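Novice:
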Amino acid sequence: MKRKFLLMTLAAASVISLTESPAYAQKSVAGGSTTAAAGQKIPADPDVKIGKLSNGLTYYIRKNAEPRNRAVLYMALKAGSLMETDAQQGLAHFTEHMAFNGTKDFPKNELINYLQKAGVKFGADLNAYTSFDQTVYQLPIPTDSAELFKNGFRILANWAGHISMLGPDIDGERGVIIEEDRQRGMNAQSRIQKELLPVLLYGSRYAERIPIGKLDILQNFKHEEIRNFYRDWYRPNLQAVIAVGDFDVAAVESLIKENFGKLTNPAKPKPHATYDLADNKEPLVKIVTDKEFPYNVAIAFIRQRHKGDQSTGDLRRGMVISMANAMLGARISELKQKGTAPFVDGQATYGQYQGGLVPGIEAASVLAVTKSGGELAAGLAGVMAEFERAAQFGFTASELDVVKKQSEAANEKANREKDKIASNTFVQAYLKNFMYGAPIVSPDFRYDITKKFLNEITVEEVNAAVKKMLGKENLTIVVQAPEKEKASLPTADQLLAAIRDAGKGLKPYEDNKVNKPLLDKKPLAGKVTNTEKIESIGVTKLTLSNGVVIYLKPTDFKNDQIIFTSYAQGGVSQAEDKDYMAVNYAGNIPGDGIGEFDNPSLRRLLAGTTASAASYLNDLYQGFSGSASPKDLETALQLVYAYATNPRKDPVVFKKNIEEYGIYLQNADDSPENVFNDTVTAVLTSNNVREKKPTMAELNNISLDRSFEFYKSRFADASGQTFIFVGNFDVAAITPMLETYLGGLPANNKAEKFVDRGVRPLSGKNERIVKKGIEDKASVKMFFYNNYNYAPENNIQLSALSDILEFKVLERLREKEGGVYSPNVGVGFEKYPYGNYNLSVSFSCAPANVDKLVNAVLDEIEKIKKTGATADDITKFKAEYRRALEVNMRENNFWLSYLSGKFKNGEDPTSILNTEERLKQVTEASVKSAAATYLSNANYFKAALVPEK
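To convert, take the position in the sequence shown, counting from 1, and add 2; that gives the numbering used here.
(1) Among residues of its own chain, excluding the 5 on either side of P720, which ones have a beta-carbon nearer than 8 Å to its beta-carbon?
(2) What three-state label does DSSP hand P556 in the structure shown?
(3) Contact between the region 447-456 and the region 409-418 is defined here as three or more beta-carbon pairs at a separation below 8 Å; is this criterion met?
(4) Going residue by residue through the region 352-409, where are the continuous beta strand (DSSP E) segments of at least 3 residues, counting only ones entirely within it?
(5) Going by C-alpha distance, which of R318, G505 and E98 is nearest K453?
(6) Use the C-beta contact count for V654: other C-beta atoms within 10 angstroms, 16 or more gives buried, fewer gives exposed.
(7) Are the C-beta atoms of D127 and some chain C residue less than 8 Å apart?
(8) Look at G628 and A644 and say whether their C-beta atoms are less than 8 Å apart.
(9) Note down, in chain order, each residue of its chain lying with its Cβ closer than 7 Å to the Cβ of Y900, except the 5 sequence neighbours on either side.
(10) What's the call for G952, buried or exposed, on a 16-neighbour Cβ count within 10 Å?
(11) Would you mind reading off the limits of the alpha helix (DSSP H) that contains Y713?
(12) Just the C-alpha distance for K951 and G187, rounded to the nearest angstrom, thanks.
(13) For the 8 Å Cβ check, are there 3 or more pairs between the region 335-345 and the region 265-281?
(14) So I228 is in the alpha helix (DSSP H); what residue range does that whole segment cover?
(15) Taking the alpha carbon of R307 as the reference point, which residue from G573, A332 and E364 has its own alpha carbon closest?
(16) Restricting to Cα atoms, I'd like to know which of A802, D680, A94 and A383 is closest to P213.
(17) For Q799, count neighbouring C-beta atoms within 10 Å of its own C-beta (all shown protein chains included) and say buried if the count is 16 or more, exposed if not.
(18) Leaving out five residues before and five after Q28 in sequence, what residues of the same chain have Cβ atoms less than 6 Å from its Cβ?
(19) Are L369 and Q349 touching if we call contact CB-CB under 8 Å?
(20) Can you give me the C-alpha to C-alpha distance between F678 and Y663, rounded to a whole angstrom?
(21) Any idea what DSSP makes of T452, helix, strand or coil?
(22) Within a Cβ cutoff of 6 Å, which residues of the same chain sit near K633, ignoring the five residues on either side of it in sequence?
(23) Pick helix, strand or coil for T37, following the three-state DSSP scheme.
(24) Could you tell me which whole alpha helix (DSSP H) segments of length 4 or greater appear in the region 863-909?
(25) How is the alpha helix (DSSP H) around E769 delimited, first residue to last?
(26) Let me confirm a value: E864 is counted as buried when at least 16 other C-beta atoms fall within 10 Å, else exposed. Which label applies?
(27) At what residues does the alpha helix (DSSP H) containing E777 begin and finish?
(28) Tell me which same chain residues have a C-beta within less than 7 Å of the C-beta of G837, skipping the five on either side of it?
(29) Let me know the secondary structure DSSP gives A162 once reduced to three states.
(30) Tell me the DSSP secondary structure of Q799 in three-state form.
(31) Taking C-alpha atoms, which residue in M329, Q90 and A850 lies nearest to E226?
(32) List, from N- to C-terminal side, the alpha helix (DSSP H) runs of 4 residues or more that fit wholly inside the region 173-199.
(33) May I ask you to report which of helix, strand or coil DSSP gives S133?
(34) Measuring only the C-alpha atoms, how far is L158 from L947?
(35) My assumption, with CB atoms under 8 Å, is that P296 sits in contact with D672. Please give the rounded CB distance.
(36) Can you name the residues that DSSP bridges to Q624?
Set out below in structure tokens:
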């Protein structure tokens, strides 16, 4: 909830999300089409076993060792909301919920209970989703327990054909489904979406079958309706089992046959229809306003059809389109950086319409966000002009060269990591193959064909493709804007004219080549003055002559990855309160470029490398973070040196960023969520000037000069910097580079520390009720906080308390009360600037149920205080903790975060080796004690957002 800096991001997307999970369509539809260039048939991947049982069920099996001792199991169904009758709207999704409410072998909630005891986390691991044309169940599961792994297939089979559908369970789930709709929807975006759907999905069944369904049906349908849906559509000839992981393929095939072979299809199966999207020769325009929507957004879609042939020609065509999109994006970013764009944000892309929602439909999408509603037509024309410029004059050879270098670097990196590909990546490819017939491309073939096409694709080929992206028919324009902008919004005719005339009077793009190196010369290298080893965790510590400390952990978790971070005490805590706003842009300085290189120039300069790095400033620290392939590490270190010694001061970008944040401020209080979050922040920080949202006057007083000087002062002394590197490297081999670029950083040994500026939450019991919004929806947050003795043994007890309270809250509020969809319990604890913890409970619900559900949470807390946790609770917590740690221990990102945290806090980094000892101390009694200590209500804050009326 903290606002570190004015980092502007606009909540606008290039497409309006209509599905809970995007479907990527590749099969053709009837009607006119263009065909891909002829290509060769894509060879089958020899490492995946694809089979079909006699009942029609398809299966995909692949052995894959990443992550170790784990498998990802999916049960996929070619049926979703499109298959529902008028009386069944919402029941495809409802059926998915019922899969977790009792099956033949796992009555009631026993399935979730069983898996949690095995370390599988509900929601994070065990989950499912329903879309228009598919329902997918996912079960990541350990393979080192033969019984558990075997039962994983039993669970999938229970979902496929043995969901109980008991009347009381169906009725009990109605409230949960309604609360899901309340939590995910019932806001400005959902209201706007409902008005736009008939236009975006013009004349199609998709517009009539939104997966969440209709409220009156969900509340009142007869039990037999959902049972009929399950019997009609959950049939093996529409199902697939996908299994990828660290296992024996033959054994898995036997388990699939054993568990799924007896499933049967209906004697008279319903036809499995497919649905299309009608063409519209005349343009469609829809303008929607909402009092709570904060931005002015216009989006144009120009649809056309494409019939793919699943050949290498399709792969090549996809590469050409990706290249064109990358170059279009670069041009628009450059225009924004110059400060001359008639829009605040813009995007122009070509690809599958609505993320592949309707098979065989593609679209050019043009999006513009502007300061005011009156500027939308000009903004949309401005983005469209860049698309037209590319279509009329093409891209340049140098632009394509940059994109090719980026693609080549990515291809080489993927090839070096081909034996480290995560199982879920393969699962997604097989899912697309089952649903839409998308080709399964082996890593080796993808590498070879990509390398071949990168050598062959010319700028002429890309330019020819761009000319075909802007069709003459199937144009749809939608506008979303604040209600107060209604009078100034452009008319439909003005929007159409903006698209129609955008290509007039254009000139070719002028490319600005970069011919300078990132650094004029190498810095004067320092030297390693001391070396230490932390053998038990494989870490080497280097101290350099300028005071920089470096911790190095070589790993083999990835073949082509080195990641790093650093920190030094100080951060913006070094700014006095009276100066805080004036220097508040300092955190944005790294985003403006380096020296004479703006961001577009940096992009060109770094083309062909995998190196990335940047500096950062936060409350207590300043430092760097980055990543690179081993071959590009030197470039990443050069970036670190450049950000420290040669930051960029860009008045044009500064002015643009301040204006953009001003737009946010003008409309921020129209959003109930923004007002609510501001209220919560005010209590949790005692309305401290360093955390509150600036006023327009304060925004206008931010100084680029002072921010720039403050940034430079924070990085003028590297003697306090501690770096941590994790990845595939040899310590001796990279040490000379570290000596040069990190040892060469300026240092004056000031030994600065952060300053505790006294940001604290209000003490005692506090309550805030925010009345804002028009929907029948409430958001509730409950906080318990206090000072804290930060230590590993206390941290694990507090984590156990948080997780176990979440078990209880989920069971009480969702399963028993039926009053919420997805309650969350979270905990945070920190050592600096002062020891403190904050445990929170949050949920959405009906306004009428706020007090009842808050009291239910408090009741569960009191039960834990009185009786502690159950043995099952402790088993679940420990199992989930151990399983998560097993995976994390082989993740570079985990080690980077872990080591950074330990060194920042001055803790023993080998304490991770004693985790099992600390887990043993988590007992029913210890959780009771923790609840009494940390949930004492001494400092308790309840906040609720409810409608205005």
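Just so it is clear, CB atoms sit at the ideal spot from N, CA and C, and this is done for glycine as well.
Here the structure is a predicted model, which means the values were calculated and not measured.
Specialist: Considering the structure as presented:
(1) The residue labelled residue 720 in the question sits at position 718 within the sequence shown. One point to set straight first is that residue 720 is Ala, not Pro, in the sequence displayed. Around A720: N548, G549, V550, A570, A646, L744, L747, P748 and A749.
(2) On the sequence shown, residue 556 is found 554 positions in, with the first residue counted as 1. Strand, per DSSP.
(3) yes
(4) 363-372
(5) Working through the sequence shown from its first residue, we reach residue 453 at position 451. The shortest Cα separation from K453 among R318, G505 and E98 belongs to R318.
(6) Here residue 654 refers to the residue found at position 652 when the sequence shown is read from its first residue. V654 should be labelled exposed.
(7) In summary, chain C is missing from the structure at hand, where a single protein chain is found.
(8) Here the question's residue 628 lines up with position 626 in the sequence shown. Here the question's residue 644 lines up with position 642 in the sequence shown. Cβ atoms of G628 and A644: not closer than 8 Å.
(9) Translated into the one-based positions of the sequence shown, residue 900 becomes position 898. Taken in chain order, the residues that qualify are I914.
(10) One cannot answer for residue 952 here, as it falls past the ends of the chain, which runs 3 to 951.
(11) Translated into the one-based positions of the sequence shown, residue 713 becomes position 711. Where Y713 is concerned, the enclosing alpha helix (DSSP H) stretches over L706 to R716.
(12) One-based indexing of the sequence shown puts residue 951 at position 949. One-based indexing of the sequence shown puts residue 187 at position 185. About 19 Å.
(13) no
(14) For the purposes of this step, residue 228 is taken as residue 226 along the sequence shown, with counting starting at 1. H225 to W235 is the extent of the alpha helix (DSSP H) around I228.
(15) By 1-based counting over the sequence shown, the position of residue 307 is 305. Cα-wise, what sits closest to R307 is E364.
(16) The residue you call residue 213 lines up with position 211 of the sequence shown. Here the closest residue by C-alpha is A94.
(17) Working through the sequence shown from its first residue, we reach residue 799 at position 797. The residue in question, Q799, is buried, as its Cβ has 16 or more Cβ neighbours within 10 Å.
(18) As a working mapping, residue 28 is identified with position 26 in the sequence shown. Note that Q28 has pLDDT 26, beneath the 50 cutoff, so the model's placement of it is unreliable and the number below is only indicative. Within the same chain, Q28 has close Cβ partners G310, Y438 and A440.
(19) Residue mapping note: residue 369 aligns to position 367 of the sequence shown, counting from 1. Residue mapping note: residue 349 aligns to position 347 of the sequence shown, counting from 1. Yes. Within cutoff.
(20) For this step, residue 678 is matched to residue 676 along the sequence shown. For this step, residue 663 is matched to residue 661 along the sequence shown. C-alpha separation (whole angstroms): 19 Å.
(21) Within the sequence shown, residue 452 is the residue found at index 450, counting from 1. It is helical.
(22) Along the sequence shown, one-based indexing puts residue 633 at 631. Excluding sequence neighbours, K633 sits near nothing in its chain.
(23) Indexing the sequence shown from 1 puts residue 37 at position 35. In this prediction, T37 scores a pLDDT of 33, lower than 50, which makes its location untrustworthy; no coordinate-derived value is stated.
(24) 873-890 and 894-906
(25) As a first step, residue 769 is located in the sequence shown; it is residue number 767 there, counting from the start. Not the alpha helix (DSSP H): E769 falls in the beta strand (DSSP E), residues K767 to K773.
(26) To locate residue 864, count along the sequence shown from 1; it is residue 862. Flag for E864 reads exposed.
(27) The residue given as residue 777 occupies position 775 in the sequence shown. Counting along the chain, E777 falls outside any alpha helix (DSSP H), and DSSP gives it neither H nor E.
(28) Here the question's residue 837 lines up with position 835 in the sequence shown. Contacts found: N789, Y790, N791 and Y792.
(29) Within the sequence shown, numbered from 1, the residue matching residue 162 stands at position 160. In this structure, A162 counts as helix in the three-state DSSP scheme.
(30) Mapped onto the sequence shown, residue 799 falls at position 797. Correct three-state label for Q799: helix.
(31) In the sequence shown, residue 226 corresponds to position 224, counting from 1. Taking only the C-alpha atoms, the option nearest E226 is Q90.
(32) none
(33) Counted from its first residue, the sequence shown places residue 133 at position 131. In the structure shown, S133 sits in coil (DSSP, three-state: anything other than H, G, I, E or B).
(34) Counting from one through the sequence shown, the residue named residue 158 turns up at place 156. Counting from one through the sequence shown, the residue named residue 947 turns up at place 945. Rounded to the nearest angstrom, the two C-alpha atoms are 40 Å apart.
(35) Translated into positions along the sequence shown, residue 296 becomes position 294. Translated into positions along the sequence shown, residue 672 becomes position 670. Yes, they are in contact, since the Cβ atoms of P296 and D672 sit about 6 Å apart, within 8 Å.
(36) Indexing the sequence shown from 1 puts residue 624 at position 622. Its beta-bridge partners are A570 and L619.
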